Amino acid sequence: MMNLIKSLGIWIAAAILIVILPYVFPSGASITTMCLMGIMIIFALSYNMLLGQSGMLSFGHAVYYGLAAFVTAHTINWAIKSGVPLPLPLIPVAGAVTGLIFGIIFGSVSTKRAGTAFAMISLGLAELVYSSSLILRSFFGGEEGISADRTKLIRFFGYNFGPQIQVYYLIAAWCLLCVILMYAITRTPLGRMCNAVRENPERVEFVGYNPQLVRYIAFSLAGLFAGVAGSLAAINIELAQASFVGAAQSGAVLLAAYIGGVAFFVGPVLGAILVTYLSLTLSDFSEIWVLYFGILFVVIIMFAPYGLSGLLMMHAQFWRGPLGSRLARFGRLFGAYLVAAVPALIMLGGAILFIEMIHHVAQKGAEGANMHFLRRNYITINTHSVLPWIGGIVAMIGGFFAFRLSWPTVANAWHKALLDAQRSGA
Amino acid sequence: MSSAVELDNLEKRFGKTEIIRGVSLDVKLGERHAVIGPNGAGKSTLFNLISGRLIPSAGSIRLRGENITGLRPFEINRRGLSRSFQVTNIFPRLTVWENVRCAVLWSKGYKYSFWHNIDKLEDVRARTQEILEQINMANRAQIPAGVLTYAEQRALEIGITIAGGADIILLDEPTAGMSRSETEHAVALIRKVSEGRTLIIIEHDMGVVFDLADRISVLVYGQIIATDQPVKIKANQKVQEAYLGAAGHD
Amino acid sequence: MAELIIISTLNGVLYGMLLFLMASGLTLIFSMMGVLNFAHASFYMLGAFLGFQISQWAGFIPALFLAPLIAGGIGALVERYGLRTVHKNGHVAELLFTFGLAFIIEEVIQMIWGKLSVDYRVPTWLDFPAFTIYATNYPAYKTFMLVFSIAIFIGLIYLLTRTRAGLIIQASLTHPNMVGMLGHNVPRVFMLVFGLGTALAAIAGVIAGAAYVTQSNMAALLGPILFVVVVVGGLGSLWGAFVASLLIGLLQTFAIASDWSLNKFFGDFITPTRGTLLFDVWTVTIAQIGPILPYLLLVLVLIFRPTGLFGTRET
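Protein chains in written order, with my numbering: chain X, 15 to 440; chain F, 88 to 337; chain H, 275 to 589.
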């Protein structure tokens with residue numbers, strides 16, 4: 015019994031968190047944001063069944079998400095029209111089935127190959143579906159897409175899912191269910207063979223397994239969960255559009271999973287939360303926020319290939335020994351980080367200033383010389399004056415070299431913390 | 088005695104180059120059979136053909152009487168033939184435990200199940216533990232395989248090979264690159280795990296070969312020039328010539 | 275009909291040659307380094323925009339030489355300071371890096387030149403009809419594009435088969451490790467090949483940009499077709515890339531000129547109701563499904579020949 019509670023503990027905690035979150039962040043905007051996060055968590059985890067678990071890099075995962083969204087919209091409309099008593103909470107099942115079916119169809123073509131060829135095929139299939147969406151107007155609804163009024167379905171215990179908070183709980187419940195299921199799948203024979211196929215597909219053939227079939231099943235299941243996410247997305251905005259199957263959507267889930275870190279189960283969850291948050295807030299600061307986003311992605315690929323969760327796990331090893339020494343260890347480490355953070359922020363500020371000024375001169379020259387930095391009305395910068403240009407460049411380059419100088423401090427502190435942790439662990 | 092592996096006039100060409108030039112061989116059930124020969128004779132190619140990694144250009148392969156020519160490696164493996172590799176071929180980022188367990192799974196019938204909790208499969212756990220003890224790595228179970236020492240990785244390679252319970256085992260140079268004491272350990276291990284099984288082994292260390300094998304086949308330039316008991320192989324005129332000739336180039 | 279066929283063939287070969295200019299660089303890079311450069315079409319786009327800007331300032335001819343040089347230089351820097359860092363993390367990380375790069379290049383181009391198409395035109399001294407077939411005037415600029423891309427193609431063959439550098443590159447296609455063993459500075463060869471490959475894409479961009487639309491989405495539109503070319507041809511096969519380029523060039527050009535649909539042939543027998551899925555399928559013309567054809571070809575080739583038309587390597 016204790017064991018059961020222990021193993022279920024984290025899920026019970028997650029369930030409690032989900033219930034109380036709307037009380038902590040009650041504003042309409044934050045409820046909307048959390049809805050998007052819940053959808054993205056499912057989508058990013060389903061993506062990681064491919065990339066992180068099985069080593070398949072897909073550029074077309076939005077196909078299953080998007081097609082499920084369309085089927086969801088059609089299902090809702092059909093249920094309303096024909097009067098079939100189908101409550102909204104069951105609708106995502108239609109999305110799951112759609113995702114699974116298309117995963118089975120397209121997977122049969124793409125999972126024969128691995129590596130780069132698989133990646134390119136996933137891209138080609140995504141383009142195929144996206145281009146088709148412009149032709150098959152009766153199913154994809156052309157430019158407007160297919161809209162569906164979720165409130166007109168039969169009520170579910172009196173709820174009509176008009177208010178966003180009700181949709182939040184619907185998404186949250188499905189999200190928790192899917193996360194538990196996807197976590198469980200990693201701990202099954204198939205889940206482990208996925209890891210083995212990722213590591214060494216050839217050897218898998220000599221322990222009795224067909225690596226192509228392992229990939230195929232994993233791919234189909236990933237399609238199923240992507241389908242749930244897409245279905246919830248259509249329910250959330252009561253609309254399915256061609257952009258749901260598009261390259262940008264496929265790219266977004268890749269970014270979310272990778273930034274969070276594909277090596278750990280929790281990584282894509284963190285990534286989904288962060289990427290959703292950033293994509294909603296960064297636009298308040300800059301028109302070219304997507305560029306910064308791309309740069310963040312490349313920096314992570316270059317310097318932190320295990321993503322955010324990887325960085326967190328690297329710090330987990332310091333969490334050893336008596337509480338006092340743990341805190342002291344982290345205190346010293348973060349002190350060193352602070353030393354490096356100052357020049358890093360200066361470099362970053364200079365670079366952003368420089369980029370924003372180029373953007374202003376190139377695109378908004380007609381609006382005059384003055385630019386509101388980071389869209390703050392209280393920071394006005396004259397782009398025709400030479401001073402801010404010099405300031406930006408000096409901060410960028412000076413910050414870079416100062417950062418390089420400060421790096422040994424961090425490396426040193428890291429090394430010491432590691433030794434200290436090993437000593438107190440032993 | 089009935090046959091474990093029968094090769095009938097097996098050939099393998101890569102373009103115009105003929106690597107295996109008509110090999111016929113009959114390995115009996117329960118036999119320990121060694122394949123020796125100079126470098127480039129085609130020993131590993133022969134293993135690749137038997138295990139399904141390569142498809143023969145001509146000829147046939149029978150496993151306990153069943154024709155398995157052209158089957159894929161996993162199909163052959165499921166019929167009870169398992170092999171190791173000359174270049175260590177493990178799952179580097181998985182733990183030793185996971186490495187062995189992956190090799191156990193199919194034989195316990197769980198196939199592609201995504202509904203069993205793998206940690207609750209008592210038969211899989213017991214078998215994995217048994218294999219780890221056999222290869223003396225029970226205390227290394229939670230270490231990622233990629234960071235093991237070379238000799239440990241070779242032992243793990245053997246562990247993965249036998250874990251599925253195959254009764255016909257092909258070992259490709261299991262002791263290559265090992266020190267003398269490591270080789271002794273490895274030979275003891277091979278002797279232990281091949282107990283009651285059919286073993287086909289490629290080996291350069293003649294001490295190991297004559298110590299282990301019931302019969303020896305000598306492969307030279309893609310052809311078997313002799314198959315016999317160790318004592319008789321030593322005395323064989325053709326083998327003498329081939330080896331003394333080859334020794335000059337080695 | 276004959277007129278249509280001749281014009282479509284000319285346009286198809288032209289489009290195919292442009293595709294090959296890009297696919298050849300992509301294939302060279304892939305064969306040597308094992309990296310499929312996702313940003314390859316972005317360098318094509320960069321070539322077009324640089325070509326536009328330089329021809330504004332200094333004219334078309336300087337643009338034709340400077341733009342590929344600059345783009346190739348950027349490519350070489352990307353290899354030296356980006357890809358090389360990522361290399362130790364494996365091919366997936368490398369592919370993702372170039373994916374991120376494509377993202378950044380598109381955003382930077384939007385930041386500088388905006389989202390709308392720029393006014394990149396055929397130079398006036400090439401803006402006349404070169405010859406007339408039946409009643410159609412064939413533009414001089416397209417003739418120039420065709421001749422120029424064929425010239426580059428011949429130059430590339432010469433470089434690969436007749437020069438020492440080319441022999442090293444060719445050897446690297448089949449035996450990448452051996453070339454390093456023989457004492458060549460493989461990292462530098464990689465950097466140069468990456469630069470050369472991106473420069474080839476940029477050349478295609480400079481000449482195609484003036485004839486077609488130069489816009490910040492051109493990489494996103496062309497990139498997937500380019501990858502279809504290299505997968506259909508067989509990853510790593512130059513010859514396969516050539517055949518697939520022409521095949522897809524002709525396929526798409528002929529499709530555009532065709533107004534055939536199922537309805538045209540079978541409309542008398544079956545007339546689906548408007549607004550149904552069958553109606554969509556029935557009335558769509560070949561011209562409308564032109565953009566899908568490369569992807570359909572990809573699926574078909576993969577079903578019947580998973581390694582591509584001329585492919586040998588598994589990854």
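The C-beta atom is built at its ideal place from N, Cα and C for all residues, glycine as well.
Given the structure is predicted, the values throughout are model-derived calculations rather than measurements.
Closer than 7 Å by beta-carbon distance: list the chain X residues that pair up with PRO179(F), in chain order.
Walking along the second sequence from the start, residue 179(F) turns up at place 92. Correct list: GLU213.
If PRO106(X) and ILE168(X) are in contact, beta carbons under 8 Å, what's the gap, nearest whole angstrom?
The residue labelled residue 106(X) in the question sits at position 92 within the first sequence. The residue labelled residue 168(X) in the question sits at position 154 within the first sequence. 16 Å between Cβ atoms; not a contact.
Assess, as a yes-or-no matter, whether the region 144-159 of chain X is touched by the region 258-278 of chain X under the definition of 3 or more beta carbon pairs within less than 8 Å.
Contact between the region 258-278 of chain X and the region 144-159 of chain X is present, because at least three Cβ pairs lie under 8 Å.
Assuming contact is defined by CB atoms lying nearer than 7 Å, are ASP259(F) and SER169(F) in contact in what I supplied?
In the second sequence, counting from the first residue as 1, residue 259(F) sits at position 172. In the second sequence, counting from the first residue as 1, residue 169(F) sits at position 82. Against a cut-off of 7 Å, the Cβ pair of SER169(F) and ASP259(F) comes out as no contact.
Would GLU141(X) pass as an interface residue toward chain H - the criterion being a Cβ-Cβ separation below 7 Å?
For the purposes of this step, residue 141(X) is taken as the residue at position 127 of the first sequence. Yes, GLU141(X) counts as interfacial toward chain H.
In the structure shown, what three-state DSSP assignment does ASP393(H) receive?
Residue mapping note: residue 393(H) aligns to position 119 of the third sequence, counting from 1. If DSSP states are grouped into helix, strand and coil, ASP393(H) belongs with coil.
How should GLY388(H) be labelled, buried or exposed, when 16 other C-beta atoms within 10 angstroms of its C-beta is the threshold for buried?
Position 114 of the third sequence holds residue 388(H). Per the 10 Å Cβ criterion, exposed.
Is the Cβ of ALA256(X) closer than 7 Å to any Cβ of chain F?
Working through the first sequence from its first residue, we reach residue 256(X) at position 242. No - not a single Cβ of chain F is within 7 Å of the one on ALA256(X).
CA nearest to the CA of SER316(H), picked from GLY299(H), GLY308(H), ILE328(H) and SER305(H)
Position 42 of the third sequence holds residue 316(H). Looking at the Cα atoms, GLY299(H) is the closest of the given residues.
Can you confirm whether ALA228(F), when its beta carbon is compared against all beta carbons of chain X, has any partner nearer than 7 Å?
Start at 1 with the first residue of the second sequence, and residue 228(F) comes out as number 141. Chain X, which has no Cβ nearer than 7 Å to the Cβ of ALA228(F), makes this no.
Given a limit of 9 Å on CB to CB distance, which residues of the region 140-162 of chain F reach chain X?
Per Cβ criterion, the list reads ARG140, ARG159, PRO160, PHE161 and GLU162.
Sort out for me which residues DSSP pairs THR283(H) with in a bridge.
In the third sequence, residue 283(H) corresponds to position 9, counting from 1. According to the DSSP secondary-structure assignment, THR283(H) is paired through a beta bridge with no residue.
Between the CA atoms of LEU191(X) and TRP25(X) - distance to the nearest angstrom
Here residue 25(X) refers to the residue found at position 11 when the first sequence is read from its first residue. Here residue 191(X) refers to the residue found at position 177 when the first sequence is read from its first residue. Approximately 10 Å between the Cα atoms of the pair.
Following the continuous beta strand (DSSP E) through GLU98(F), name the residue where it begins and the one where it ends.
Reading the second sequence from its first residue, position 11 is the one you call residue 98(F). Note, GLU98(F): beta strand (DSSP E), 90-101.
Relative to the C-alpha of ALA435(X), which residue among PHE132(X), ALA342(X) and THR86(X) is closest?
Taking the first residue of the first sequence as position 1, residue 435(X) is located at position 421. Here the closest residue by C-alpha is ALA342(X).
Beta-ladder partner(s) of TYR173(X), from DSSP
Along the first sequence, one-based indexing puts residue 173(X) at 159. Note: TYR173(X) sits in a beta bridge opposite PHE170(X).
If the cut-off is 8 Å on Cβ atoms, which residues from the region 352-370 of chain H count as contacting chain X, listed in chain order?
GLY356, THR359, VAL360, ASN363, HIS365, VAL366, ALA367, LEU369 and LEU370
Outcome for SER145(X) when other beta-carbon atoms lying within 10 angstroms are tallied against a minimum of 16:
In the first sequence, counting from the first residue as 1, residue 145(X) sits at position 131. With 16 or more Cβ atoms within 10 Å of its Cβ, SER145(X) is classed as buried.
Tell me whether ILE431(H) is buried or exposed, calling it buried when 16 or more other Cβ atoms sit within 10 Å of its Cβ.
Taking the first residue of the third sequence as 1, we reach residue 431(H) at position 157. ILE431(H) should be labelled exposed.
Taking VAL280(X) as the reference, give the member of GLN67(X), TRP188(X) and ALA43(X) with the closest Cα.
The count along the first sequence starts at 1 and reaches residue 280(X) at position 266. Here the closest residue by C-alpha is GLN67(X).
Measuring CA to CA, which of GLY283(F), SER194(F), LYS99(F) and GLN240(F) is closest to ARG166(F)?
Along the second sequence, read from residue 1 onward, the residue named residue 166(F) stands at position 79. Checking every option, the nearest Cα to that of ARG166(F) belongs to SER194(F).
I'd like the ranges of any beta strand (DSSP E) spanning at least 3 consecutive residues and lying wholly in the region 102-133 of chain F.
104-115 and 119-123
Pick helix, strand or coil for TYR412(H), following the three-state DSSP scheme.
Along the third sequence, read from residue 1 onward, the residue named residue 412(H) stands at position 138. TYR412(H) falls in the strand class under three-state DSSP.
Of all the CB atoms in chain X, is at least one closer than 7 Å to the CB of TYR197(F)?
Against the second sequence, residue 197(F) aligns to sequence position 110. So, interface residue.
Alpha carbon to alpha carbon, how far is ALA529(H) from THR559(H)? Give it in angstroms, no decimals.
Here residue 559(H) refers to the residue found at position 285 of the third sequence. Here residue 529(H) refers to the residue found at position 255 of the third sequence. THR559(H) and ALA529(H): Cα-Cα distance of roughly 9 Å.
Does any C-beta atom of chain X lie closer than 7 Å to the C-beta of LEU509(H)?
As a position in the third sequence, residue 509(H) is number 235, starting the count at 1. Chain X contact via Cβ: present.
Under three-state DSSP, which class holds ARG548(H)?
Position 274 of the third sequence, counted from the first residue, corresponds to residue 548(H). Note: ARG548(H) maps to coil in three-state DSSP.
Only counting the same chain, and skipping five residues up and downstream in sequence, which positions put a Cβ closer than 6 Å to that of VAL360(H)?
Translated into positions along the third sequence, residue 360(H) becomes position 86. Cβ neighbours of VAL360(H) beyond the five flanking positions: ALA367, GLU368 and PHE371.
Taking Cβ-Cβ distances below 8 Å as the criterion, which residues of the region 539-558 of chain H are in contact with chain X?
GLY549, THR550, LEU551, PHE553, ASP554, VAL555 and VAL558
Rounded to whole angstroms, what is the Cα-Cα separation between TYR330(F) and HIS449(H)?
What you label residue 330(F) is simply residue 243 of the second sequence in a count that begins at 1. What you label residue 449(H) is simply residue 175 of the third sequence in a count that begins at 1. Straight-line measurement puts the Cα of HIS449(H) at about 32 Å from the Cα of TYR330(F).
Span separating the alpha-carbon of PRO36(X) from that of LEU195(X):
Taking the first residue of the first sequence as 1, we reach residue 36(X) at position 22. Taking the first residue of the first sequence as 1, we reach residue 195(X) at position 181. Approximately 24 Å, taken between the alpha carbons.
Report yes if the CB atom of GLY42(F) is closer than 7 Å to the CB atom of ILE163(F), and no otherwise.
Chain F is shown only over 88 to 337; residue 42(F) falls outside these bounds and no answer can be derived.
Are PHE84(X) and GLY374(H) closer than 7 Å when you measure CB to CB?
Residue mapping note: residue 84(X) aligns to position 70 of the first sequence, counting from 1. Residue mapping note: residue 374(H) aligns to position 100 of the third sequence, counting from 1. In this structure, GLY374(H) does not lie closer than 7 Å to PHE84(X) by Cβ.
Against ASP206(F), what residues of chain X qualify as contacts under a CB-to-CB distance less than 7 Å, listed in chain order?
Within the second sequence, the letter at position 119 stands for residue 206(F). Correct list: ARG201.
ALA286(X) versus HIS373(X): straight-line alpha-carbon distance, rounded:
As a first step, residue 286(X) is located in the first sequence; it is residue number 272 there, counting from the start. As a first step, residue 373(X) is located in the first sequence; it is residue number 359 there, counting from the start. Their Cα atoms are separated by approximately 29 Å.
Same chain only: Cβ atoms within 7 Å of VAL296(F), ignoring 5 sequence neighbours per side
Locating residue 296(F) in the second sequence gives position 209, counting from the first residue. Same-chain partners within the cutoff: ALA121, ILE123, GLU290 and ILE303.
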